[in-house]
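Before any comments, here is the structure.
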Amino acid sequence: MWRGSITIDGDVALPLAIMGRRGAPDPDAVALAQGIHARFGQWRSVIEAALLDEAPDADAAAGEPPLPCYAAVIAIDGRPTVELGYRVPWDDEHTLGVTMREDQVVDINGSVLEP
Numbered sequence: 021m022w023r024g025s026i027t028i029d030g031d032v033a034l035p036l037a038i039m040g041r042r043g044a045p046d047p048d049a050v051a052l053a054q055g056i057h058a059r060f061g062q063w064r065s066v067i068e069a070a071l072l073d074e075a076p077d078a079d080a081a082a083g084e085p086p087l088p089c090y091a092a093v094i095a096i097d098g099r100p101t102v103e104l105g106y107r108v109p110w111d112d113e114h115t116l117g118v119t120m121r122e123d124q125v126v127d128i129n130g131s132v133l134e135p
């Protein structure tokens, strides 16, 4: 993984990890990572709704919706895919990994390692 940072939602900076080979990050993954800032505004409501579906009850999800704590471009089914990590109030032991493809939530993994 290649490491860097990315800015989303105004001036919120996140750690960024991009898949690649030893000599360079994957060019398709880099292109996908470069689009995260512009697309996050579109994704935000879709992600928030998916996270609410994961909450055990409405009280657990009360308050300000969380922002991601990291961004990564990883391979899923051999395709570069965006993963955004979320720390949520109802699960203080895990970071949820929300994977996005074509502006849709593909999956929410309940236990990911932060890159």
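Numbering (the numbering used here), first residue to last: 21 to 135. Ideal placement from N, C-alpha and C gives every residue a C-beta, glycine not left out.
Please confirm whether residue i and residue j have their CB atoms less than 9 Å apart.
i, j, result
"TYR90", "LEU52", "no"
"VAL93", "ALA44", "no"
"ALA117", "GLU74", "Reading off the sequence shown, one finds Gly at residue 117, where the question assumed Ala. In this structure, GLU74 does not lie closer than 9 Å to GLY117 by Cβ."
"THR115", "THR101", "no"
"ILE38", "ASP46", "yes"
"VAL32", "ALA70", "no"
Could you tell me the distance, in whole angstroms, from the CA atom of residue i to the CA atom of residue j?
i, j, result
"ILE67", "PRO109", "15 Å"
"PRO135", "ASP127", "18 Å"
"ARG59", "ASP123", "8 Å"
"GLN62", "LEU133", "25 Å"
"ARG107", "LEU87", "8 Å"
"GLY24", "ARG121", "21 Å"
"ASP77", "ARG42", "44 Å"
"GLU113", "GLN54", "30 Å"
"GLY40", "GLY98", "12 Å"
"ASP79", "ILE26", "31 Å"
"GLU84", "SER65", "13 Å"
Can you find the residues in the same chain that come closer than 6 Å, C-beta to C-beta, to residue i, ignoring five residues on each side of it along the sequence?
i, result
"LEU72", "ALA81"
Can you tell me whether residue i is buried or exposed? The criterion is at least 16 other CB atoms within 10 Å of its CB, across all chains shown.
i, result
"MET21", "exposed"
"GLU103", "buried"
"GLY105", "buried"
"ILE28", "buried"
"ILE96", "exposed"
- request: Please go through the segment 88-114 and give each complete beta strand (DSSP E) segment of 3 or more residues, from N-terminal end onward.
  value: 90-96 and 99-108
task: Give, in chain order, every unbroken run of the alpha helix (DSSP H) that is at least 4 residues long and sits entirely within the segment 27-98.
output: 47-54 and 56-74
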